Amino acid sequence: MTTHPSSTIVACRICESEKITPVLDLGRQALANHLRRERADTLPTYPLIICRCEECGTIQLTETVAPENLFMDYVWVTGTSDGARDYSRIFCKRLVSRCQAGPLFVIEIASNDGTFLKRFVERGDCVLGVDPAQNIAAMAERDGVRTLPEFFGLEVAKGIVERSGEADAVFARNVIPHVANANDVVAGMAHCLKADGTGAIEFHRADVILEELHYDSIYHEHLYFHSLHSIGRLLSRLGLTPFDVTMSPISGGSFVVYFSKIKRPPTHVFTAAVQAEDALGTGRAEPWQEFARRCKRHRKSLLSIVEGKKAQGKRIIGYGASARSSTMLNYCGIDSRLLDVIVDRAPLKHDTYTPGTDVLIVPPDRAFALKPDVILLLAWNFRDEIFAQIRAEHGWRGQVIVPLPGDPTVIDFE
1 MTTHPSSTIV ACRICESEKI TPVLDLGRQA LANHLRRERA DTLPTYPLII
51 CRCEECGTIQ LTETVAPENL FMDYVWVTGT SDGARDYSRI FCKRLVSRCQ
101 AGPLFVIEIA SNDGTFLKRF VERGDCVLGV DPAQNIAAMA ERDGVRTLPE
151 FFGLEVAKGI VERSGEADAV FARNVIPHVA NANDVVAGMA HCLKADGTGA
201 IEFHRADVIL EELHYDSIYH EHLYFHSLHS IGRLLSRLGL TPFDVTMSPI
251 SGGSFVVYFS KIKRPPTHVF TAAVQAEDAL GTGRAEPWQE FARRCKRHRK
301 SLLSIVEGKK AQGKRIIGYG ASARSSTMLN YCGIDSRLLD VIVDRAPLKH
351 DTYTPGTDVL IVPPDRAFAL KPDVILLLAW NFRDEIFAQI RAEHGWRGQV
401 IVPLPGDPTV IDFE
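First residue of the sequence shown? That's 1 in UniProt numbering, and the numbers climb one at a time after it.
What follows is the structure, encoded as structure tokens:
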């Protein structure tokens, strides 16, 4: 593969300390969402390494890829996931319950196809999405969700307030870990928010990544792996107060932290979550060193299982061409030698090839027409949803390799 330069950090992105130590090297990998129409096309690769700041404990990538290379033409569409659509209703109710009464003006940062904002539209609220992926922003507009196709930051926020006024609620789901200058995004959120408004940030939990071995959540889009402490520091630096937290099923386990411009006492739930995180050792070095050792053992175990099934003459398909699957496939060396195809329900991905591993992505009907014996459940974080779809739509029976959380397992699917 060809290689293009990326910038390598020499200091922590949060506290600017130069005391940063490598934790886990997943090798050089192509960008996880850079799917190809032609198998012969080459892709640039970049180091995929996480490091730890010895001063503030933040876990982060060593490399920064230009955001326009990552997000301008995106292939993840929120609305293709039943689980995400169901959760969007829960998210809406939780955020509204922490806002002032009355019709709201709600802004979402990195709003994708508008799935989450639609829940507010259904209530009669005024909404605005901001998303740099022009192809997906256009989809949201066609569905009636007003969307600004821009990278969000303080300058964009100033323009929004000038045109539309301040918002009652501003939220960013799984976007803060994506941006090198997170301070600029949070400053923009603060600028958009009314004095008595409520903000919310959702992010994949560092404690769950650590405990359940979610190394597949490490890819070039995710610059940080935040804890409640690191998000709290980020908010506090900009004069914002985190006061509550709820749990989200997205990405295998996420936090939603609620914050405000005014001082609000932390809830008992928030305090307990911080204490639990401390007890696990998310901010210390040794648990992350053990995490790296466990990842190496997991790679060996998963590859052995897949190769063993192939050696028995089994036809194996993958399920879920997510960004996280790209990390796992490349790190473990599972490619088109071992997988016939990968199933995905998103039309934007059909008839493309996975980056680095060259596996064809197809819709479910085409994959199950091959009569596979084994499924490698790459989108394991949507396990229940996928199992229900397979039973309802395909009546398939066979074996399923569930790679995570923890050690890989093989189950008989009836």
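Beta carbons: idealized from backbone N, C-alpha and C, even for Gly.
Small disclaimer: the values here were computed from a predicted structure and weren't measured.
### Task
Compare the beta carbon distance of histidine 204 and isoleucine 262 with 9 Å and say whether it is the shorter of the two.
no
### Query
Where do the N-terminal and C-terminal ends of the alpha helix (DSSP H) with serine 251 fall, by residue?
Looking at the DSSP string, serine 251 is not in any alpha helix (DSSP H), and its letter there is neither H nor E.
### Message
Quick check on the DSSP output: the alpha helix (DSSP H) that includes phenylalanine 91 runs from which residue to which?
### Response
82–96
### Query
How would you call aspartate 256, buried or exposed, if buried means at least 16 neighbouring beta carbons within 10 angstroms?
Checking the sequence shown, residue 256 turns out to be valine, not aspartate. Buried, by the Cβ-count rule.
### Query
Anyone know if the C-beta pair for isoleucine 305 and leucine 48 falls short of 9 Å?
no
#### Entry: Coil, strand or helix - glycine 124 by DSSP
coil
### Message
My assumption, with CB atoms under 8 Å, is that glycine 188 sits in contact with threonine 147. Please give the rounded CB distance.
### Response
Contact flag wrong, Cβ pair sits at about 16 Å.
### Query
Is it buried or exposed for residue 424, if we count other Cβ within 10 angstroms and need 16 for buried?
The shown model of the chain, from 1 to 414, leaves out residue 424, and the question about it has no answer.
### Query
Could you check where the beta strand (DSSP E) with proline 22 kicks off and where it finishes?
20–30
### CA nearest to the CA of glycine 57, picked from Phe225, Asp196, Ile109, Gln399
Phe225
### Message
Within 10 Å of its beta-carbon, does arginine 293 have 16 or more other beta-carbons around it, so buried, or fewer, so exposed?
### Response
exposed
### Query
How many angstroms separate the CA atom of threonine 352 from the CA atom of lysine 93?
37 Å
### Task
For glutamine 60, count neighbouring Cβ atoms within 10 angstroms of its own Cβ and tell me buried if that reaches 16, exposed if not.
buried
### Query
Just the Cα atoms here: how many angstroms apart are valine 65 and serine 248?
28 Å
### Query
Where glycine 398 and leucine 95 are concerned, what is the direct C-alpha to C-alpha distance, given to the nearest angstrom?
42 Å
### Query
Counting along the chain, where does the alpha helix (DSSP H) carrying glutamine 399 start and finish?
From DSSP, glutamine 399 is part of no alpha helix (DSSP H) but of the beta strand (DSSP E) over 398–402.
### Query
To the nearest angstrom, how far is it from the Cα of arginine 237 to the Cα of leucine 404?
36 Å
### Task
Would you kindly work out how many angstroms separate the C-alpha atoms of threonine 3 and proline 266, rounded to a whole number?
With a pLDDT of 47 at threonine 3, under the threshold of 50, the modelled position of that residue is not reliable, and the figure given next carries that caveat. Going by the C-alpha atoms only, they are around 47 Å apart.
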